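Trainee: I'd like to ask you about the structure that follows.
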Amino acid sequence: MEQGIMIAKNAGALLPQDLISLNGVLKVCDMETVVLGAHLKRAAIDSEVVGDSVLCHIETDFSFRGRFAIPADWCLLGCLHDANNATGCNGTPISSGTAFTVFPGSVSEFVFGADSRASIMLVPLQRLRHKFAKLVHPDLDIPVRLLAMFDLTGSQLGTTLSANFEKVHQHLFQEPRADAPASLIEKELDILLENHLLAGLSAQADDRPQCSRGRRAHYQIVQRAEYYMRENMRRVIYLDELCKAAGVSERALRYAFDDLLGLSPNRYLSMLRLCTAFRALTVADASRRSVKSVALSCGLWDLSRFADHYRHTFGELPRDTLMRAPPAETTAPSTAREIAYS
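Sequential numbering from 2 applies to the sequence shown in the numbering used here.
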C-alpha cells in the first residue's frame, strides 16, 4: 500500500487501510488520528487535486478521533452523507445530511463514527472570499458562524448542495477519470462552492446542530484530560491524575469519555499511546531510532505486550513499520494547486 498522501485508489471498496493513509487524506493539512477500537479495520479513502482545490472522500467501518488545523490561506467545505450517533465536531453531535465549513485559525477536533461517509473539498480561502463578494457584498466579511455547520435536509438549496457533494464522491470512486475533463469538473466545483455559501447563509437556527450544556461540559472534560495525557505520555499516568487535571470526579470523567468516545479514559490513553507510536515509527530514521526508544517515549514500557497490541491494531509488528521508507512529504498549500489533474 502506498504511504503518505498517496491514498489508496480502491474504487469505493472498503479495504484494509494504513493509518498514515487516513492521516494524509486532507493532503494540505497535518491530521492526527486515534483509532477508537480494538484494531484498524477497513476504509475507502481517496483524494485528488483538481485545479486549485483538493477533493477528498472517506468511508470507514471503524471509529476514530482526529484533529487538524487548516493552513492560513485555505478553507474546508464538506458534507457528511452518512453518520452514526458517535460522529461529532468539537463536541457537537453531527447527523447525516450535515454540511460544514472549517476556516483557518484554530485546531478542529472530530469523531468520525463507524459506517460514516463524508465528501470534502479544500479550496483557497481567497477563492471562497471572491465567491462570497460576488454573491453578497464585496465589503462584508464572511460570516464564519453561519457557515460552520448546517443541515441539508430541510430546503431545496440543501438538497441541491447534497447532490453536488455526491458528485465529488462519484468523481473519485465511480466515474472513469480519463472521461471527465478537468474544465468540466472545475465548473462543477465552482457551482458547489456557490451552493455551499447560499445554503449556509440561508439556513435557519433550527437547521444548525446544537451542543447541549451537558455535552459541552463532557467535551471540555475530555479535552483537559487528553491534554494531560499528551503532556505526560512518557510516564505512567494514573486515573486520579486525570481526574485532577480535568477537575472532576472519577465517575464524571468516565461518563464524559464514554459519552463522547465510547471508551474508558484508560482505554483511550492506551489507544493514544499506540497511535502516537505508529505515527513516530512511520517518520523515524531506522538508523537513528529504535522501536524501543519510540515505545518508551510513548510510555509503553512492556515491549512484548506493546508488540502484541501493535500488531493486533495495525496488522504488523512495530519493527516492520520502522523499516518501511518514511512517507512522502505532505503536499504544501503553495504547491498543491500546481499539481496537474490526472
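By construction, the Cβ of each residue, glycine as well, lies at the ideal position given by its N, Cα and C atoms. Keep in mind it's a predicted model, so treat the numbers as computed, not measured.
(1) In three-state DSSP terms, what is Ile-21?
(2) Closest to Tyr-311 by CA distance: which of Ile-186, Arg-130, Thr-277, Phe-151 is it?
(3) Go ahead and label Thr-154 buried or exposed: buried means 16 or more other beta carbons lie within 10 angstroms of its beta carbon, across all protein chains shown.
(4) Buried or exposed: His-170, going by 16 or more other Cβ atoms within 10 Å of its Cβ?
(5) For Arg-209, which option in Ile-59, Leu-20, Thr-93, Ala-70 has the closest C-alpha, if you only look at C-alpha atoms?
(6) Answer with buried or exposed for Leu-185, where buried requires no fewer than 16 other C-beta atoms within 10 angstroms of its C-beta.
(7) Would you say Ile-222 and Ala-247 are within 7 Å of each other, going by their C-beta atoms?
(8) If you pair each beta-carbon of the segment 187-202 with each one of the segment 234-246, do three or more pairs fall below 8 Å?
(9) Sort Ile-71, Phe-63, Met-324 by Cα distance to Val-112 and report the nearest one.
(10) Residues in its own chain within less than 8 Å of Ser-96 by CB, not counting five upstream and five downstream?
(11) Which parts of the segment 183-250 are runs of the alpha helix (DSSP H), unbroken and 4 residues or longer, counting only runs that do not cross its ends?
(12) Taking C-alpha atoms, which residue in Ile-121, Ala-308, Ser-288, Asp-19 lies nearest to Cys-57?
(13) What beta strand (DSSP E) runs, 3 residues minimum, are completely inside the segment 99-158?
(14) If you follow the beta strand (DSSP E) that Asp-47 is in, where does it begin and where does it stop?
(15) Alpha carbon to alpha carbon, how far is Thr-160 from Leu-254?
(16) From Arg-130 to Ile-59, what does the alpha carbon distance come to, in whole angstroms?
(17) Please report the residue range of the beta strand (DSSP E) in which Arg-66 lies.
(18) If contacts are defined as beta-carbon pairs under 8 Å, then Leu-78 and Pro-105 qualify, I think. What distance do you get, rounded to the angstrom?
(19) Can you tell me whether Ser-356 is helix, strand or coil according to DSSP?
(20) Grouping DSSP H, G and I as helix and E and B as strand, with all else coil, what is Cys-30?
(21) Taking all protein chains shown into account, do 16 or more other C-beta atoms lie within 10 angstroms of the C-beta of Asn-86, making it buried, or fewer, making it exposed?
(22) Nearest-angstrom Cα distance between Thr-102 and Asp-303?
(23) Given that a residue counts as buried once 16 or more other Cβ atoms are within 10 Å of its Cβ, and exposed if not, what is Arg-320?
(24) Pick helix, strand or coil for Asp-260, following the three-state DSSP scheme.
(25) Give me the Cβ distance between Val-282 and Thr-322, rounded to the nearest whole Å; I'm assuming they're in contact under 8 Å.
(26) Quick check on Leu-78: does DSSP put it in helix, strand or coil?
(27) Are any of the Cβ atoms in chain D nearer than 7 Å to that of Pro-94?
(28) Leaving out five residues on either side along the sequence, give the residues of the same chain with a beta carbon under 8 Å from the beta carbon of Arg-43.
(29) Just to confirm before moving on: does the CB-CB distance between Ala-218 and Leu-243 stay below 7 Å?
(30) Suppose the cutoff is 7 Å on Cβ atoms and the five residues either side in sequence are ignored; what does the same chain contact list for Leu-37 look like?
(31) Is Ala-70 closer than 7 Å to Val-108 when the C-beta atoms are compared?
(32) For Cys-57, write down the residues that DSSP places opposite it in a beta bridge.
(33) Can Ser-48 and Val-29 be called in contact, C-beta distance under 7 Å?
(34) At what residues does the alpha helix (DSSP H) containing His-313 begin and finish?
(35) May I have the straight-line CA-CA distance separating Cys-90 from Met-150, to the nearest angstrom?
(36) Looking only at C-alpha atoms, which of Val-292, Asn-165, Ala-39 sits nearest to Leu-270?
Mentor: Result, derived from the coordinates:
(1) In the structure shown, Ile-21 sits in a helix (DSSP, three-state: H, G or I).
(2) Check the Cα spacing between Tyr-311 and each of Ile-186, Arg-130, Thr-277, Phe-151: the tightest is with Thr-277.
(3) Thr-154 comes out exposed.
(4) When all chains shown are included, His-170 counts as buried.
(5) Of the candidates Ile-59, Leu-20, Thr-93, Ala-70, the one whose C-alpha sits nearest the C-alpha of Arg-209 is Thr-93.
(6) Counting Cβ neighbours within 10 Å, Leu-185 comes out exposed, since fewer than 16 surround it.
(7) Going by beta carbons, Ile-222 and Ala-247 fall inside the 7 Å limit.
(8) The count of Cβ pairs closer than 8 Å, one atom from the segment 187-202 and one from the segment 234-246, stays below three, leaving the stretches out of contact.
(9) Scanning Ile-71, Phe-63, Met-324 for the CA closest to the CA of Val-112 turns up Phe-63.
(10) Annotation for Ser-96: Leu-81, Ala-84, Thr-88, Asp-152, Pro-210 place their beta carbon closer than 8 Å to its own, counting only its chain and skipping 5 residues before and after.
(11) Fully enclosed alpha helix (DSSP H) runs of 4 or longer: 183-203, 214-232, 240-247.
(12) Considering only alpha carbons, the answer is Ile-121.
(13) Segments of the beta strand (DSSP E) lying fully in the segment 99-158: 99-103, 108-113, 117-125, 150-152.
(14) Annotation: the continuous beta strand (DSSP E) that includes Asp-47 extends over 43-51.
(15) Approximately 40 Å, taken between the alpha carbons.
(16) Looking at the backbone, the Cα of Arg-130 and that of Ile-59 are separated by about 27 Å.
(17) Its beta strand (DSSP E) spans residues 65-70.
(18) Contact between Leu-78 and Pro-105 is ruled out by a C-beta separation of about 13 Å, above the 8 Å threshold.
(19) Nothing in the structure corresponds to residue 356, since the chain is present only between 2 and 343.
(20) Coil.
(21) Exposed: under 16 other Cβ atoms inside 10 Å.
(22) Using only the alpha carbons, I get a separation of about 43 Å.
(23) Exposed, by the Cβ-count rule.
(24) Three-state DSSP puts Asp-260 in a helix.
(25) For clarity, residue 282 is Leu in the given sequence; the question names Val instead. That belief holds up - the Cβ atoms of Leu-282 and Thr-322 are roughly 4 Å apart, short of 8 Å.
(26) Strand, per DSSP.
(27) Of the chains in the structure shown, none is chain D; there is only one protein chain.
(28) Closer than 8 Å at the Cβ level, and outside the excluded window around Arg-43, lie Leu-15, Leu-16, Pro-17, Gln-18, Thr-61, Asp-62, Phe-63.
(29) No, the Cβ-Cβ distance between Ala-218 and Leu-243 is not below 7 Å.
(30) Excluding residues within five positions, the ones whose Cβ falls inside 7 Å are Ser-64, Phe-65, Arg-66, Leu-262, Gly-263, Leu-264, Met-272.
(31) Taking a C-beta distance under 7 Å as the contact criterion, Val-108 and Ala-70 qualify as a contact pair.
(32) Ser-48, Ile-121.
(33) In this structure, Val-29 does not lie closer than 7 Å to Ser-48 by Cβ.
(34) Unbroken alpha helix (DSSP H) run through His-313: 304-315.
(35) Using only the alpha carbons, I get a separation of about 9 Å.
(36) Ranking Val-292, Asn-165, Ala-39 by Cα distance to Leu-270 puts Ala-39 first.
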